[in-house]
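Chemist: Provided herewith is a single structure, encoded as C-alpha cells, for subsequent inquiry.
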Amino acid sequence: MVCAASLIGRWYRARLSTAIAIAYAGSGCGVLVMVPLSQAMIDTIGWRAAWLSLGAGALVLVPVCAFLPWATLSRPPQEPLVDSAAPRATTVSPPASQSDPARAALRAAWRDPAYWRLSQVFFFTALASYLVTPQVVAMLIEGGFAPLVAASAYGLAGLLSTIGIIGSGWSSDRIGHQRTALLSFLSTACGLCGLIAVALTGSLLGLAVYVACFGVAQGARGPIVSALSSRLFAGPGVATIYGTIFGLMALGAALGAWAGGLLHDLTNAYWPVAVVSGVSLVAAALPFRQGSALMGRVRALARAR
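Next comes the structure, spelled out in C-alpha cells:
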C-alpha cells in the first residue's frame, strides 16, 4: 500500500481519501476469498500442502507485478485532478544543499509532532487488530462454532471491511477525518465486546456483533492515515515518509500477533486478549481527540486552502 498510496497521491487531490480507500478495499476482498478457501484446503489436503499451494499462487503474481507499466503509472496527469474544495498540501521542502531530498524530507517530518501522531495511530491500531485477528477462527471454534462456520464468519468480516474501507474514505471527504476515525474506533470496540461475549458464553449474538462491527471498521483507518500523510507531507519524500509510518504499523501487527498468542497461553482464555486489544485501541484513538497536535495540523491545513 505504500507504493499504491504514493501513486494515488500523485494523481488525485479531489476526494483523495475515497481514492485511497478503493485501493485499500482490495485487501478485504482477498480476505473474503482466501480465508474460507484456505480452511477448505486444510480440511481437504492438510495444512502443509495448503501452505505450499498458497505460496506457489503468490509466486505467480511476481512476474505480473514486475511487468506492469510502472513508468507510465508514476507520471501524474498533465492536468492533475484538483478540487477547489480540497485542502492544499503542505509541502515538506528539504534544504537545497541536500543531495537526497527524500531523506531530508523524512528528517523534517520527524520534527513534526503530526508525524508521530500518525505513527501512533497506525502502530496501536495494528497492535489492537492483530492481538485478536490471528486468534479469531480458533476463538470461534472454541466457542462452539464449526470450523467452516468460523472461517466463513471471518471471511464475511473481510467482505464488510471492503465496504467499511470505501465508506471510510467517502465519509472522510464529507464529514472529516476526525469524526470518521472516532466512529470507526467505536465500531471496532463494539466488535471486541462481541468477541468477549463469544469467548465467555459462545453467544451467537456476539458473533453477529463481531462480524458487523469489527468487520466494517477493519482497515478503516488506513485511508485516513494515508490521505493525511499525503497532504501533510507532500513533496519529494512523501513515499518515504509514509513508508516509515506504514513500517510502524507492520511492527505493531507483528507484536500484536505474538502477544495475542502469548496472552492466550498464559491465561488459557481468549477474553483477556480482547481486553488488551481494547486498551491498545484507546491509545490508537487518542491522536484524534480535540486539541491534539494532529488535529491542530489538520485544521491549519484546512485554513490554508
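Here our numbering is used: the first residue of the sequence shown is -13, the next is one more, and so on.
Heads up, the beta-carbon is just placed ideally off N, CA and C, and yes, glycines get one too.
Computed from a predicted model, the values in this text were never measured in an experiment.
#1: Find out if the Cβ-Cβ distance for the pair Val202, Leu193 is shorter than 8 Å.
#2: Out of Phe53, Arg207, Pro99, Ser212, which has the shortest C-alpha to C-alpha gap to Ala167?
#3: Apart from the five residues on each side of it in sequence, which residues of its chain come closer than 8 Å, Cβ to Cβ, to Ser83?
#4: Return the CA-CA distance between Tyr153 and Ile31, expressed in angstroms with no decimal places.
#5: Taking 8 Å as the cut-off, decide whether the C-beta atoms of Ala269 and Leu181 are in contact.
#6: Rounded C-beta distance between Leu267 and Ala143? I'm assuming under 8 Å.
#7: Please say whether Ala112 and Thr226 have beta carbons closer to each other than 8 Å?
#8: Could you have a look at Ala220 and say whether DSSP puts it in helix, strand or coil?
#9: What would DSSP say about Gly130, mapped onto helix, strand or coil?
#10: To which residues of the same chain is Ile127 closer than 7 Å at the C-beta, ignoring the five residues directly before and after it?
#11: What does the alpha-carbon distance come out to for the pair Gln64 and Ala57?
#12: Taking only three categories from DSSP, how would you classify Arg275?
Modeler: In brief:
#1: Looking up residue 202 in the sequence shown gives position 216. Looking up residue 193 in the sequence shown gives position 207. No, Cβ-Cβ distance for Val202 and Leu193 is not below 8 Å.
#2: Reading the sequence shown from its first residue, position 181 is the one you call residue 167. Ranking Phe53, Arg207, Pro99, Ser212 by Cα distance to Ala167 puts Arg207 first.
#3: Against the sequence shown, residue 83 aligns to sequence position 97. Below a pLDDT of 50, predicted positions are generally treated as unreliable, and Ser83, at 48, falls in that range; the measurement from the model is reported next regardless. Once the five neighbours on either side are set aside, Ser83 has no close Cβ partner at all.
#4: For the purposes of this step, residue 153 is taken as residue 167 along the sequence shown, with counting starting at 1. For the purposes of this step, residue 31 is taken as residue 45 along the sequence shown, with counting starting at 1. In the sequence under discussion, the amino acid at residue 153 is Gly, which differs from the Tyr named in the question. Those two C-alpha atoms are separated by around 38 Å.
#5: On the sequence shown, position 283 is the one that residue 269 refers to. On the sequence shown, position 195 is the one that residue 181 refers to. Result no, Cβ atoms of Ala269 and Leu181 do not sit closer than 8 Å.
#6: Working through the sequence shown from its first residue, we reach residue 267 at position 281. Working through the sequence shown from its first residue, we reach residue 143 at position 157. About 16 Å separates the Cβ atoms of Leu267 and Ala143, ruling out a contact at the 8 Å cut-off.
#7: As a working note, residue 226 is residue 240 in the sequence shown. As a working note, residue 112 is residue 126 in the sequence shown. At a Cβ-Cβ threshold of 8 Å, Thr226 and Ala112 do not count as neighbours.
#8: Position 234 of the sequence shown, counted from the first residue, corresponds to residue 220. Reduced to three states, the DSSP call for Ala220 is strand.
#9: Taking the sequence shown and counting its residues from 1, one reaches residue 130 at position 144. Three-state DSSP puts Gly130 in coil, outside helix and strand.
#10: Taking the sequence shown and counting its residues from 1, the one referred to as residue 127 is at position 141. Answer for Ile127: Pro133, Ala136, listed in chain order.
#11: Taking the first residue of the sequence shown as 1, we reach residue 64 at position 78. Taking the first residue of the sequence shown as 1, we reach residue 57 at position 71. Because the pLDDT at Gln64 is just 46, under 50, the model does not fix this residue reliably, and the value given afterwards should be weighed accordingly. Those two C-alpha atoms are separated by around 15 Å.
#12: Position 289 of the sequence shown, counted from the first residue, corresponds to residue 275. In this structure, Arg275 counts as coil in the three-state DSSP scheme.
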